[in-house]
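Colleague: Attaching a single structure in structure tokens format; questions to follow.
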Amino acid sequence: KVPIAVFDDGSVVVESTAIVDELLRRRPPSSEDFASPPARKWAAWATSDLAPMVYPNITKSFGECRRALAYADAAFGPVDAFLVKNVGALGMSLAHGKIK
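For the sequence shown, my numbering assigns the number 995 to the initial residue and increments by one for each residue that follows.
As structure tokens, this is what we get:
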């Protein structure tokens, strides 16, 4: 899923990096740590290098997909959590072979 942010003025921003950039533009942090060059470098690395490696490694099997979706138990009611964990895990495991 692609993250989407809708701001108070109605503008819509898509993608994690663009959302962070827009947040920094709208409300610069009181500390430069978050927007420092090393922080931006690590954020770019997480988006470009880490994220593409994580998904294939958590979707190798149906069981791993279910574990990745275990947060649903706390986030949704019992029926929705069951559907998220099982239908979502099925979709993730079927897509695993297509995403490398």
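Cβ coordinates follow ideal geometry from the N, Cα and C atoms, glycine included.
1) Can you tell me where the alpha helix (DSSP H) with Ala1062 in it begins and where it stops?
2) Tell me the rounded alpha-carbon separation between Ser1042 and Ala1075.
3) Just to confirm, is the Cβ distance from Ala1037 to Val1007 under 9 Å?
4) So which of Tyr1049, Arg1021 and Leu1018 has the shortest CA-CA distance to Ser1087?
5) Kindly provide the ranges of any beta strand (DSSP E) runs that are 3 or more residues long and lie completely inside the stretch 1011 to 1085, ordered along the chain.
6) When you compare each of Asn1080, Asp1067 and Ala1040 to Glu1058 by their alpha carbons, which one comes out closest?
Modeller: If we stick to the structure as given:
1) Mapped onto the sequence shown, residue 1062 falls at position 68. Per DSSP, Ala1062 belongs to the alpha helix (DSSP H) from Phe1056 to Ala1062.
2) Within the sequence shown, numbered from 1, the residue matching residue 1042 stands at position 48. Within the sequence shown, numbered from 1, the residue matching residue 1075 stands at position 81. Going by the C-alpha atoms only, they are around 30 Å apart.
3) Reading the sequence shown from its first residue, position 43 is the one you call residue 1037. Reading the sequence shown from its first residue, position 13 is the one you call residue 1007. Not a contact, by the Cβ cut-off of 9 Å.
4) Along the sequence shown, one-based indexing puts residue 1087 at 93. Comparing Cα-Cα distances from Ser1087 to each of Tyr1049, Arg1021 and Leu1018, the minimum goes to Tyr1049.
5) You should have found no qualifying run.
6) The sequence position of residue 1058 within the sequence shown is 64, counting from 1. Nearest C-alpha to Glu1058 among Asn1080, Asp1067 and Ala1040: Asn1080.
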